[in-house]
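In my numbering, the protein residues as written are 232 to 548.
In structure tokens:
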């Protein structure tokens with residue numbers, strides 16, 4: 232199963248890998264690592280969406296440890312993969328519901344189209360298989376398709392879905408759902424939300440109201456706020472995190488749509504810029520394709536499948 236997931240991850244990162252790995256091969260075929268080569272490498276890393284901070288860190292490490300040496304593209308891949316894994320390791324934190332909370336209230340936020348609703352369904356199925364009882368809330372009341380999609384997932388996973396009439400009050404819906412989830416001893420309450428970022432003021436007001444109303448029943452809710460990001464958006468994901476951090480206290484990230492069109496380097500930039508826990512990544516449509524984030528597997532997949540020694544670092548010289 233793990234190897235199958237790595238293969239899907241590698242396939243999903245293929246666009247990023249071809250862009251980054253192919254250029255590494257072109258630049259570092261038995262070439263001395265001088266300032267010109269370092270400049271080219273930095274440009275490659277930034278173009279691959281890793282961001283200037285990560286690119287600068289990698290270049291500084293290469294300058295310190297390898298400057299003036301003749302290097303191969305494989306050596307650069309191994310060292311680069313190890314450095315990327317070091318950036319990602321602190322944020323690779325699986326999402327685990329708190330068993331002391333009945334229910335653990337999760338507010339799921341993100342721009343429309345990022346895969347929020349599907350992610351909620353996958354989470355409900357996975358935690359249901361672990362013996363937990365989830366309840367889903369169709370809080371994006373402005374989009375009938377989102378409500379219908381969540382109801383389909385609810386039927387598929389055997390989880391209750393609480394919904395209301397079109398354009399109904401999402402905060403009131405969330406409040407009633409929390410009351411029911413508490414009364415029924417549910418383990419997890421997953422609340423879908425609207426993501427109309429073009430109307431930031433209205434969205435801020437709606438999310439703030441949901442939180443305010445939830446706290447009338449439970450002063451500690453929501454216990455988690457998960458931001459779902461679409462990997463195909465590249466640097467736009469950075470701005471989305473900034474905006475949603477202004478709107479709500481985001482506690483963790485989930486990155487979806489790591490298919491063949493994904494710009495996977497953005498995951499590294501997100502880790503470096505915000506340091507938020509990255510709970511899971513999605514590489515396909517099935518529930519099994521949403522998996523806990525692994526720094527090592529992601530680094531291997533991003534840099535290229537020739538890398539075999541990332542977990543142990545570069546081979547001894």
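Each residue gets a CB set at the ideal place from its N, CA and C atoms; glycine is no exception.
Asked                                                                                                                                             : Found
Would you report the Cα separation of residue 481 and residue 266, rounded to the nearest angstrom?                                               : 40 Å
Quick one: Cα of residue 530 to Cα of residue 414, how far?                                                                                       : 44 Å
Taking the alpha-carbon positions, what's the residue 439 to residue 478 distance?                                                                : 7 Å
Using the Cα positions of residue 533 and residue 312, report the straight-line distance between them to the nearest angstrom.                    : 8 Å
With a threshold of 16 other CB atoms inside 10 Å of the CB of residue 383, please say whether the residue is buried or exposed.                  : exposed
For the beta strand (DSSP E) holding residue 522, just list the boundary residues, first then last.                                               : 521-523
So which of 430, 441, 436 and 483 has the shortest CA-CA distance to residue 423?                                                                 : 441
Can the beta-carbon of residue 406 be found closer than 7 Å to that of residue 444?                                                               : yes
Could you tell me which of 512, 528, 463 and 302 sits nearest to residue 255, measuring between CA atoms?                                         : 302
Alpha carbon to alpha carbon, what distance is there between residue 375 and residue 500?                                                         : 34 Å
Among residues of its own chain, excluding the 5 on either side of residue 510, which ones have a beta-carbon nearer than 8 Å to its beta-carbon? : 324, 325, 326, 457, 483, 484, 485, 523 and 524
Alpha carbon to alpha carbon, how far is residue 541 from residue 308?                                                                            : Confidence at residue 541 is low in this model, with a pLDDT of 35, below 50, so the placement of that residue is unreliable and no value is reported for it.
For residue 516 and residue 404, what's the separation of their Cα atoms in angstroms?                                                            : 28 Å
When the Cα of residue 370 is compared with those of 337, 358 and 388, which residue comes out closest?                                           : 337
Using the Cβ count rule (16 or more neighbours within 10 Å means buried), how would you classify residue 298?                                     : exposed
For residue 503 and residue 330, what's the separation of their Cα atoms in angstroms?                                                            : 31 Å
What span of residues does the alpha helix (DSSP H) with residue 511 cover, start to end?                                                         : Per DSSP, residue 511 belongs to no alpha helix (DSSP H); it is in the beta strand (DSSP E), 509-513.
Assuming contact is defined by CB atoms lying nearer than 7 Å, are residue 518 and residue 367 in contact in what I supplied?                     : no
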